[in-house]
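J.:
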Amino acid sequence: MDISGQIVLTALMAVFLFGVVLFLARATDWRTYTPLAGAGSGIVSREGGYGHAEKPAGIFRWLTTVDHKDIGILYGVYAILAFAWGGIAVIIMRAELITPGIDVTQALASSMGVSNGQNLYNGLLTSHGITMLFLFGTPILAAFSNYLVPLLIDADDMAFPRINAIAFWMLPPGAVLIWAGFFIAPFVDSVAPSMASWTMYPPQSVSQTAQGGAASSIAQLNAGTDLMLLGLHLTGVSATMGAINFIATIFAERGPEVGWDKLDIFSWTILTQSALILFSFPLLGSALVMLLLDRNFATTFFTTDGGGTILYQHLFWFFGHPEVYILVLPPMGIISYVLPRFSGRKLFGFKFVVYSTLAIGVLSFGVWAHHMFATGIDPRIRASFMAVSLAIAIPSAVKTFNWITTMWNGKIRLTTPMLFCIGFVGNFIIGGVTGVFLASIPVDFLLHDTYYVVGHFHYVIMGAIAFAVFAGVYYWFPLVTGRMYQVTLAKAHFWLTMVGTNLTFFAMILMGYAGMPRRYATYDLITVGPIDLIQTMHVLATVGAFILLVAQIIWLWNMVQSYMEGPRVGPDPWNLEEDGVDSREWDWFDDRLDTALTDGGEPQDTEADA
Amino acid sequence: MTATVSDRLRGRRVVVGIYLAVVALAGVFGAAVGVLLPVESGRDIQQASFAGIEFAVTPLNFAIYGIVMVGVGLGLLLLAVRFVSRFDDEAV
Chain R
208 MDISGQIVLT
218 ALMAVFLFGV
228 VLFLARATDW
238 RTYTPLAGAG
248 SGIVSREGGY
258 GHAEKPAGIF
268 RWLTTVDHKD
278 IGILYGVYAI
288 LAFAWGGIAV
298 IIMRAELITP
308 GIDVTQALAS
318 SMGVSNGQNL
328 YNGLLTSHGI
338 TMLFLFGTPI
348 LAAFSNYLVP
358 LLIDADDMAF
368 PRINAIAFWM
378 LPPGAVLIWA
388 GFFIAPFVDS
398 VAPSMASWTM
408 YPPQSVSQTA
418 QGGAASSIAQ
428 LNAGTDLMLL
438 GLHLTGVSAT
448 MGAINFIATI
458 FAERGPEVGW
468 DKLDIFSWTI
478 LTQSALILFS
488 FPLLGSALVM
498 LLLDRNFATT
508 FFTTDGGGTI
518 LYQHLFWFFG
528 HPEVYILVLP
538 PMGIISYVLP
548 RFSGRKLFGF
558 KFVVYSTLAI
568 GVLSFGVWAH
578 HMFATGIDPR
588 IRASFMAVSL
598 AIAIPSAVKT
608 FNWITTMWNG
618 KIRLTTPMLF
628 CIGFVGNFII
638 GGVTGVFLAS
648 IPVDFLLHDT
658 YYVVGHFHYV
668 IMGAIAFAVF
678 AGVYYWFPLV
688 TGRMYQVTLA
698 KAHFWLTMVG
708 TNLTFFAMIL
718 MGYAGMPRRY
728 ATYDLITVGP
738 IDLIQTMHVL
748 ATVGAFILLV
758 AQIIWLWNMV
768 QSYMEGPRVG
778 PDPWNLEEDG
788 VDSREWDWFD
798 DRLDTALTDG
808 GEPQDTEADA
Chain H
3 MTATVSDRLR
13 GRRVVVGIYL
23 AVVALAGVFG
33 AAVGVLLPVE
43 SGRDIQQASF
53 AGIEFAVTPL
63 NFAIYGIVMV
73 GVGLGLLLLA
83 VRFVSRFDDE
93 AV
């Protein structure tokens, strides 16, 4: 097609998109979520604080909102979209690994504008890791904290509502940039999805071309990686702005009755997480900028012996290991919050759970070099990092101990959120114990860069973090939507997720014992173990991944359908008052329903997850 | 439709139930490792020893190993939980 044809097409597309925007803006029956009863009006401020008197109708309400609850929902929807992207990427990868040779990705590669199957696999691998950590993990936790923290601490809104909105709106362009390689590759030969893997180690990340080989000249560098670095930088800035906002909110906006002694466990974990973000994300930003300069402006931060590749690894993991706790502390907060409610009692040893949260926060900055045991760094440095890495298991164990003791002396209701809490504890023990072994230098030498590592951290990320997210989603679903989800589908979701997680990731741990290296699209040339056995493990892991896929489709269906048509709930859908474990956010929900009734809202029929 | 107290399970029964399930699972996982280790090329691991006790690497032996290790490890944790729970003022 000639240039003028393309210009005409572009103009037509612009007119079309403008028309779509106009249509959406005029569609008055756009499904509008109303945080407080009364169409178009939001929460009314108390004591002259911040309020949301008028909200525009239609999609502009979502584009312009500064209400923490709306922003929480935006974070949630965004994170679920990213979860789908990362999930589809890994499903393609797992399908590839059913056979030792290259086939599935090879078949897809040319249609996606990538030179060969291995390069596509590497691109998917990079995208899966970065998407799940930065575009799903961090935002889904921000969804919970934005919606709940102001309610839990009796604040009118976040300390800086507009900064809150800006922080969210940096994420969609961030995601588009991070995924840009996939969008551009079919049209431009010199661009491919970044294959730098989520750690972006130089020298590879500095010199990689779109074809995946070493650079023959700077001009051929894969712009997909540059776009990804820029997008990642944007998400880092977003997370930092959010963290500052949470710290300010929890310090300055607590209601008169919420002293530090009354602060709930979830807000404690968010406060600690925000502090970790504040101290670690700037490091990532700096390292990314230096990487971009090395790639585009011929600087030599990571390309010479002076600083070199090890310097990058130090900078990256000084961010990267706290990032692990940035992702896991709020889920631990959700478990510490939800698990006691269905044990019919208060959390055992609340104070020690808070102390262990703070201890993990501090220690998390002293363990980063355990990712670098095999790089040849000074053995004395290695030994000290081994000691701290083993020590950080203690506060984690304290939490596990308190959760088990809470259940031991409780009366348990096996609702779906509780099932996910119990699943969390079980998977977290496996993930944690496999991690303790890795912290030991000699064991790490044996298992470094094998599937054992992949199995270990997925037990924590999928088996624990995602389980806590699901526990939270089910527990607060009635709070956000005013409706109850479908219990049978939810239980099916839990059991399929539990079986899928353990099948997939235990097979990976066994593969690691057999010496199967991670990050490879093929294993027909490996020399570590019998290929048929390795293949059996890969097939089991892939079956597990497909079970997980089915489970998540069930979950999504349940969430969407229940949001549209689920039975409406009463003020206390979990019967928390019966056990005396009611909490502030449900009191707020009660107020909201009362307002709806006086306003002529729909009659309530209750249903609980029994 | 609301959950009443009669639907509830004693916490310790649930915890002990999970303990037994985990120990049984450790047996399955142990057996899997027992299958895997001897056939792994390059290392040729046929014998294992723990605390001076030598045993052949077979699925059965490793299943027993897994059950004993996880059973004792988590069992000690449970005993500690049982002990500490006496000082739990919030017990229901």
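First to last, the sequence lines map onto chains R and H. Heads up, the first sequence is in my numbering, so the first residue is 208 and it goes up one at a time. Heads up, the second sequence is in my numbering, so the first residue is 3 and it goes up one at a time. Using N, Cα and C, we set each Cβ at its ideal position, and we do this for glycine too. Remember, it's a predicted structure, so these values are computed and weren't measured experimentally.
1) Are the beta-carbon atoms of LEU281 (chain R) and PHE473 (chain R) separated by less than 8 Å?
2) Thinking C-beta only, is TRP524 (chain R) closer than 8 Å to HIS440 (chain R)?
3) Between PHE223 (chain R) and chain H, is there a C-beta pair that is closer than 8 Å?
4) Whole-angstrom Cβ separation of ASN329 (chain R) and GLN313 (chain R), contact assumed at under 8 Å?
5) Just the chain R side, please: which residues come within less than 7 Å of ASP90 (chain H) by C-beta, in chain order?
6) Check whether the stretch 596-607 of chain R touches the stretch 556-572 of chain R, counting contact only when three or more Cβ pairs, one atom from each stretch, lie closer than 8 Å.
7) Could you check whether the Cβ of SER51 (chain H) sits closer than 8 Å to any Cβ belonging to chain R?
8) Do you know how far the Cα of PHE631 (chain R) is from the Cα of GLY344 (chain R)?
9) Measuring only the C-alpha atoms, how far is ALA28 (chain H) from LEU358 (chain R)?
10) May I ask you to list, following chain order, the residues of the stretch 729-748 of chain R that have a beta carbon less than 8 Å from some beta carbon of chain H?
11) Using CA coordinates, which residue listed in R:LEU500, R:ILE210, R:VAL284 is at the minimum distance from ASP433 (chain R)?
12) By how many angstroms is the C-alpha of ASN371 (chain R) removed from the C-alpha of LEU80 (chain H)?
13) Any idea if LYS469 (chain R) is buried or exposed, counting beta-carbon neighbours within 10 angstroms, 16 or more meaning buried?
14) Could you check whether the Cβ of GLY32 (chain H) sits closer than 8 Å to any Cβ belonging to chain R?
15) Measuring straight from C-alpha to C-alpha, what distance separates VAL650 (chain R) and LEU565 (chain R)?
16) For GLN768 (chain R), tell me which candidate among R:PHE684, R:TRP405, R:GLY443 has the shortest Cα-Cα distance.
17) From VAL18 (chain H) to GLY77 (chain H), what does the alpha carbon distance come to, in whole angstroms?
18) Would you say ARG799 (chain R) lies against chain H (beta-carbon separation less than 8 Å)?
19) Could you check the C-alpha separation between ASP274 (chain R) and PRO368 (chain R) for me, to the nearest Å?
20) For the candidate residues R:MET435, R:ALA446, R:MET539, R:LYS558, whose alpha-carbon lies nearest to that of ARG502 (chain R)?
21) Taking the alpha carbon of VAL83 (chain H) as the point to measure from, which residue in R:ALA673, R:SER352, R:GLY617 has its own alpha carbon closest?
22) In chain order, what residues of the stretch 576-594 of chain R put their CB closer than 8 Å to some CB of chain H?
23) Can you find at least 3 beta carbon pairs, one from the stretch 395-404 of chain R and one from the stretch 442-458 of chain R, that sit closer than 8 Å?
24) Between ARG548 (chain R) and chain H, is any beta-carbon pair separated by less than 8 Å?
25) Using a Cβ cut-off of 7 Å, pull out every chain R residue sitting near LEU78 (chain H), in sequence order please.
26) Assign ALA65 (chain H) to one of two classes, buried (16 or more other C-beta atoms within 10 Å of its C-beta) or exposed (fewer than that).
27) To the nearest angstrom, how far is the alpha carbon of ARG253 (chain R) from that of GLY462 (chain R)?
28) Please indicate yes or no: does the CB of ILE533 (chain R) lie closer than 7 Å to some heavy atom of the ligand ATP?
29) Three or more C-beta pairs under 8 Å: does that hold for the stretch 618-630 of chain R against the stretch 667-687 of chain R?
30) Would you say the stretch 483-496 of chain R touches the stretch 517-533 of chain R, given that touching needs at least three Cβ pairs under 8 Å?
31) If MET718 (chain R) and PRO780 (chain R) are in contact, beta carbons under 8 Å, what's the gap, nearest whole angstrom?
32) At 9 Å on the CB atoms, spell out the chain R contacts of ALA26 (chain H), in chain order.
33) Helix, strand or coil: which one does DSSP assign to ALA728 (chain R)?
34) Starting from the C-beta of ILE855 (chain R), find all residues in its chain whose C-beta is less than 7 Å away, skip the five residues before and the five after it, and write them out in chain order.
35) Between which two residues does the beta strand (DSSP E) carrying GLN49 (chain H) extend?
36) Just the C-alpha distance for LEU536 (chain R) and VAL605 (chain R), rounded to the nearest angstrom, thanks.
T.: On the basis of the data shown:
1) Locating residue 281 (chain R) in the first sequence gives position 74, where the first residue counts as 1. Locating residue 473 (chain R) in the first sequence gives position 266, where the first residue counts as 1. In this structure, PHE473 (chain R) does not lie closer than 8 Å to LEU281 (chain R) by Cβ.
2) To locate residue 440 (chain R), count along the first sequence from 1; it is residue 233. To locate residue 524 (chain R), count along the first sequence from 1; it is residue 317. Cβ distance not < 8 Å, so HIS440 (chain R) and TRP524 (chain R) don't count as in contact.
3) Looking up residue 223 (chain R) in the first sequence gives position 16. No - not a single Cβ of chain H is within 8 Å of the one on PHE223 (chain R).
4) For the purposes of this step, residue 329 (chain R) is taken as residue 122 along the first sequence, with counting starting at 1. For the purposes of this step, residue 313 (chain R) is taken as residue 106 along the first sequence, with counting starting at 1. The Cβ separation is near 13 Å, so there is no contact.
5) Taking the first residue of the second sequence as 1, we reach residue 90 (chain H) at position 88. Simply PHE555, THR612, ASN616.
6) yes
7) For the purposes of this step, residue 51 (chain H) is taken as the residue at position 49 of the second sequence. For SER51 (chain H), the answer is no, since every Cβ of chain R falls outside 8 Å of its Cβ.
8) Against the first sequence, residue 344 (chain R) aligns to sequence position 137. Against the first sequence, residue 631 (chain R) aligns to sequence position 424. Going from the Cα of GLY344 (chain R) to the Cα of PHE631 (chain R) covers about 16 Å.
9) Indexing the second sequence from 1 puts residue 28 (chain H) at position 26. Indexing the first sequence from 1 puts residue 358 (chain R) at position 151. Their Cα atoms are separated by approximately 42 Å.
10) THR734, VAL735, GLY736, PRO737, LEU740
11) For this step, residue 433 (chain R) is matched to residue 226 along the first sequence. Of the listed residues, the one whose Cα sits closest to ASP433 (chain R) is R:LEU500.
12) Start at 1 with the first residue of the second sequence, and residue 80 (chain H) comes out as number 78. Start at 1 with the first residue of the first sequence, and residue 371 (chain R) comes out as number 164. In a straight line, the C-alpha of LEU80 (chain H) is about 44 Å away from that of ASN371 (chain R).
13) By one-based count along the first sequence, residue 469 (chain R) stands at place 262. Burial call: exposed.
14) For the purposes of this step, residue 32 (chain H) is taken as residue 30 along the second sequence, with counting starting at 1. No, no contact with chain R.
15) Mapped onto the first sequence, residue 650 (chain R) falls at position 443. Mapped onto the first sequence, residue 565 (chain R) falls at position 358. Rounded to whole angstroms, VAL650 (chain R) to LEU565 (chain R) spans 28 Å at the Cα level.
16) Your numbering for residue 768 (chain R) matches position 561 in the first sequence. Among R:PHE684, R:TRP405, R:GLY443, the Cα nearest to that of GLN768 (chain R) belongs to R:PHE684.
17) Here residue 18 (chain H) refers to the residue found at position 16 when the second sequence is read from its first residue. Here residue 77 (chain H) refers to the residue found at position 75 when the second sequence is read from its first residue. Those two C-alpha atoms are separated by around 10 Å.
18) Here residue 799 (chain R) corresponds to residue number 592 of the first sequence, with the count starting at 1. No, its Cβ sits nowhere closer than 8 Å to a Cβ of chain H.
19) Within the first sequence, residue 274 (chain R) is the residue found at index 67, counting from 1. Within the first sequence, residue 368 (chain R) is the residue found at index 161, counting from 1. If you take the alpha carbons of ASP274 (chain R) and PRO368 (chain R), they lie about 7 Å apart.
20) To locate residue 502 (chain R), count along the first sequence from 1; it is residue 295. Of the candidates R:MET435, R:ALA446, R:MET539, R:LYS558, the one whose C-alpha sits nearest the C-alpha of ARG502 (chain R) is R:MET435.
21) For this step, residue 83 (chain H) is matched to residue 81 along the second sequence. Cα-wise, what sits closest to VAL83 (chain H) is R:GLY617.
22) none
23) no
24) For the purposes of this step, residue 548 (chain R) is identified with residue 341 of the first sequence, where counting begins at 1. It does not; no Cβ of chain H falls within 8 Å.
25) By one-based count along the second sequence, residue 78 (chain H) stands at place 76. The premise fails here: LEU78 (chain H) is roughly 12 Å from chain R at the closest Cβ pair, so nothing lies under 7 Å.
26) To locate residue 65 (chain H), count along the second sequence from 1; it is residue 63. Classification for ALA65 (chain H): buried.
27) Along the first sequence, one-based indexing puts residue 253 (chain R) at 46. Along the first sequence, one-based indexing puts residue 462 (chain R) at 255. A caution first: ARG253 (chain R) carries a pLDDT of 41, below 50, which makes its placement in the model unreliable, though a value can still be read off. Each residue's Cα considered, the two are about 11 Å apart.
28) What this structure holds is no ligand at all, so the ligand ATP is not there to describe.
29) yes
30) yes
31) On the first sequence, position 511 is the one that residue 718 (chain R) refers to. On the first sequence, position 573 is the one that residue 780 (chain R) refers to. MET718 (chain R) to PRO780 (chain R), Cβ: 43 Å. No contact.
32) Working through the second sequence from its first residue, we reach residue 26 (chain H) at position 24. By Cβ distance, chain R contributes nothing, its closest Cβ being about 13 Å from ALA26 (chain H), past 9 Å.
33) Residue mapping note: residue 728 (chain R) aligns to position 521 of the first sequence, counting from 1. DSSP places ALA728 (chain R) in coil when its eight states are reduced to three.
34) Any question about residue 855 (chain R) goes unanswered here, given that chain R covers just 208 to 817.
35) Position 47 of the second sequence holds residue 49 (chain H). Element bounds for GLN49 (chain H): 49-52.
36) Residue mapping note: residue 536 (chain R) aligns to position 329 of the first sequence, counting from 1. Residue mapping note: residue 605 (chain R) aligns to position 398 of the first sequence, counting from 1. Answer to the nearest angstrom: the Cα atoms are 13 Å apart.
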